[in-house]
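Please read the structure below before turning to the comments.
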Amino acid sequence: MAGIERSHMGKIERGEHVPTLPLILKIARALKCSSAHLMTLTEAKLAESAPSAD
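Take a look at the structure:
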């Protein structure tokens, strides 16, 4: 996808690697969405997995 090696993409998906902005843009183009939409989805996933402050 987007010219990114599977192993690299897997590391990004697992949170083992933080992608650069150019890489985020490549991923967004490959998914046919805006980088803003991609980041919004990422923020929502992070919020779901964050420990609650209860």
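Note that UniProt numbering gives residue 53 to position 53 of the sequence shown, counting from 1, and the numbers run on in steps of one. Note that CB positions come from ideal geometry on N, CA and C, so glycine has one too. Predicted, not measured: the structure shown is a model, and the values here were computed from it.
- Pairing isoleucine 24 with serine 35 gives a Cβ-Cβ distance under 8 Å.
- Annotated as proximal: lysine 11 and histidine 17, with beta-carbon spacing under 8 Å.
- Annotated as distal: alanine 47 and arginine 29, with beta-carbon spacing of 8 Å or more.
- Contact check for leucine 31 against leucine 38 passes: the beta carbons are separated by less than 8 Å.
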